[in-house]
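J.: In the UniProt record's numbering, the protein residues as written are 1 to 537. The C-beta atom is built at its ideal place from N, Cα and C for all residues, glycine as well. Okay, handing you the structure first.
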Ligand code: GLN
């Protein structure tokens, strides 16, 4: 039977609950404990796939094709395993299940209620994750903040689980925020006290409180939290703002997070082997006076979370280098107004990430043209690949009106289009999602980087390279270096003779991990770093 750790948040959202849960996961895994993590999101969307990145940040895609919260990305990067659709549950899914059962008559005439029907469905989802992963410890992060109306069924469910599985098998971690009042020069613990009181009102009491702070937690603040929240001082941990996410497991480990959880759950485990994490942090901390400037040409340049996995993958790829990575945000729409050199001339590489809709497309195409013509390293991801195909068709293959039917349904040269069986789709869960095999063509850059002939990469798209144009594009020099095993779908393109010009229909960023940087990002960053090195004396 699995033990459970429930992570809730108080005071504010975006406190780093996900990172706390992930760090605990990393520490337990480093001690050899079989651990899994799941996220419960209290919104009514069935999944975040239909939400704007402005609302929600990146949509993370799992191997089995679930569109999930970006916290799943943190979990995978920290515990270095592939999670599944079961590791993410939303209120939208819970209610869909309950209502479908009610319509089938499964409740046998009962009045269907939040307690027990909704809470039971939540508990089943949690227990399923534990069972499927055969987990010794299942970490469950409850999204939102204690006190939110929509979070109540989850809190009730995790309260009930204490009785279901036994007090000795559950541990509650509450992550809160400790503001610092400049006016009186003091850390304020009152919001934390209120948040814990709110928990108590619904029958929950934290075993561990993790305090997000900007400065070191003062002994006075710790003592107050201990007194008012009825918890021993050593169970009040500090989570200070950190520039390197991957240092957080180490910082949390030093404060005894994992030891405390293991003790609470009555588990024995050897001390964690944190050497790999220390190495990652060491590489991150190395004085990197020189930096490769990587332009990220996107639509949501004001929301860093919209491209979270891409940013992390770039960081992972830069770790082994003496040259660091500096991401320069380039608003695609700006490239439609200004000459591209204004924004791109002093960059060492350009990434055009995924996206939907026609806003900024011409700017992305202009950026790619600039990269192609100026030997600037280019990595295109999903939409980035589609734009690269359009650019090549227009400016090299003599199809000046080439476009994707996503942006111009009436284009005379639809080099990117829907597959015939995909027309008429509705929004929400209708894309090509999750991992598919990709066969790598021999003697290509793709093969040099992957060092293998078959890879599985994650997808999230509707449109494809139109096979009617493949021969023409190939004749003009575009290399299709990866395809589906039946060769019907283009998965990768590249341009030989260019320092680095490669794009893929899938999202390699979802599979990059600090302990295993992704080969395509490694190759791209190496080319950008070589270019950067040339800029320095
Ligand atoms: N909008 C494109 C498609 O649906 C690309 C999607 C993406 O970049 N994730 O095919």
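In terms of residues, what are the limits of the alpha helix (DSSP H) holding residue 403?
T.: From DSSP, residue 403 is part of no alpha helix (DSSP H) but of the beta strand (DSSP E) over 402 to 404.
J.: Measuring straight from C-alpha to C-alpha, what distance separates residue 330 and residue 293?
T.: Approximately 12 Å between the Cα atoms of the pair.
J.: Where does the unbroken beta strand (DSSP E) through residue 90 begin, and where does it stop?
T.: That run of the beta strand (DSSP E) goes 88 to 90.
J.: Could you please give the first and the last residue of the uninterrupted alpha helix (DSSP H) stretch that includes residue 22?
T.: Per DSSP, residue 22 belongs to the alpha helix (DSSP H) from 17 to 30.
J.: Are residue 119 and residue 43 touching if we call contact CB-CB under 8 Å?
T.: Cβ atoms of residue 119 and residue 43: not closer than 8 Å.
J.: Taking its Cβ as the centre, do 16 or more other Cβ atoms sit within 10 Å of residue 227, making it buried, or is it exposed?
T.: Its Cβ having fewer than 16 others within 10 Å, residue 227 is exposed.
J.: Leaving out five residues on either side along the sequence, give the residues of the same chain with a beta carbon under 7 Å from the beta carbon of residue 528.
T.: Answer for residue 528: 292, 294, 348, 349 and 377, listed in chain order.
J.: Could you please give the first and the last residue of the uninterrupted beta strand (DSSP E) stretch that includes residue 41?
T.: Run containing residue 41: 35 to 41, per the beta strand (DSSP E) assignment.
J.: Out of curiosity, what's the CA-to-CA distance linking residue 260 and residue 235?
T.: Cα-Cα distance, rounded: 8 Å.
J.: Taking the alpha-carbon of residue 460 as reference, which of 37, 491 and 250 has the nearest alpha-carbon?
T.: Ranking the options by Cα distance to residue 460, first place goes to 491.
J.: Examine the ligand GLN and report whether any of its heavy atoms sits within less than 7 Å of the Cβ of residue 436.
T.: Checking the Cβ of residue 436 against the ligand GLN gives no.
J.: Using a Cβ-Cβ cut-off of 6 Å (strictly less than) and excluding sequence neighbours within five positions of residue 383, which residues of its own chain qualify?
T.: Closer than 6 Å at Cβ, skipping near neighbours: 354 and 355.
J.: Thinking just about the alpha-carbon of each residue, which of 125, 95 and 123 is nearest to the one in residue 556?
T.: In the structure as shown, the chain begins at 1 and stops at 537. Residue 556 is therefore absent and cannot be evaluated.
J.: Among the residues of its own chain, which have a CB less than 6 Å from the CB of residue 175, if the five just before and after it don't count?
T.: 9, 15, 17, 20 and 210, listed in sequence order.
J.: Looking at residue 507 and residue 344, is the spacing between their C-beta atoms short of 8 Å?
T.: No, Cβ-Cβ distance for residue 344 and residue 507 is not below 8 Å.
J.: Return helix, strand or coil for residue 359, following the three-state DSSP convention.
T.: Coil.
J.: Counting pairs of Cβ atoms below 8 Å between the region 56 to 64 and the region 303 to 314, do you hit three or more?
T.: Yes: at least three Cβ pairs fall under 8 Å.
J.: Should residue 525 be listed as close to the ligand GLN, given that the test is whether its C-beta is under 7 Å from any heavy atom?
T.: Residue 525 Cβ: outside cutoff for every heavy atom of the ligand GLN.
J.: On the DSSP letters alone, give me the boundaries of the beta strand (DSSP E) that residue 388 sits inside.
T.: It is not in any beta strand (DSSP E) - residue 388 instead sits in the alpha helix (DSSP H) that spans 383 to 395.
J.: DSSP state of residue 353, grouped into three classes?
T.: Coil.
J.: Would residue 477 and residue 415 qualify as a contact pair, given that the criterion is a beta-carbon distance under 8 Å?
T.: No, the pair does not count as a contact, with Cβ atoms beyond the cut-off.
J.: Since residue 252 contacts residue 23 with CB under 8 Å, what's their CB separation in whole angstroms?
T.: Correct: roughly 5 Å between the Cβ atoms.
J.: What is the DSSP secondary structure of residue 468, counted as helix, strand or coil?
T.: Three-state result, residue 468: helix.
J.: What do you get for residue 1, buried or exposed, if any count of 16 or more other CB atoms within 10 angstroms of its CB means buried?
T.: Looking at its Cβ environment, which holds fewer than 16 other Cβ atoms inside 10 Å, residue 1 is exposed.
J.: Express the C-alpha separation of residue 413 and residue 365 in angstroms, rounding to a whole number.
T.: Between residue 365 and residue 413, the C-alpha separation is close to 16 Å.
J.: Can you tell me the Cβ-Cβ gap for residue 193 and residue 229, rounded? I've got them flagged as a contact below 8 Å.
T.: Correct: roughly 6 Å between the Cβ atoms.
J.: Within the present structure, is the beta-carbon of residue 144 separated from the nearest heavy atom of the ligand GLN by less than 7 Å?
T.: False, no ligand heavy atom lies under 7 Å from that Cβ.
J.: Say yes only if the C-beta of residue 406 is nearer than 7 Å to one or more non-hydrogen atoms of the ligand GLN, and no if none qualify.
T.: Residue 406: yes, Cβ under 7 Å from the ligand GLN.
J.: Is residue 548 near the ligand GLN, going by C-beta to nearest heavy atom under 7 Å?
T.: Given that the chain is displayed from residue 1 to residue 537, the structure contains no residue 548 and the question cannot be resolved.
J.: Taking its Cβ as the centre, do 16 or more other Cβ atoms sit within 10 Å of residue 511, making it buried, or is it exposed?
T.: By the 10 Å Cβ count, residue 511 comes out buried.
J.: Terminal residues of the continuous beta strand (DSSP E) containing residue 461?
T.: From DSSP, the beta strand (DSSP E) with residue 461 extends over 454 to 461.
J.: Rounded C-beta distance between residue 7 and residue 198? I'm assuming under 8 Å.
T.: Actually they do not touch by this definition, with Cβ atoms about 16 Å apart.
J.: Within 10 angstroms of its Cβ, does residue 456 collect 16 or more other Cβ (buried), or is it exposed?
T.: With fewer than 16 Cβ atoms within 10 Å of its Cβ, residue 456 is classed as exposed.
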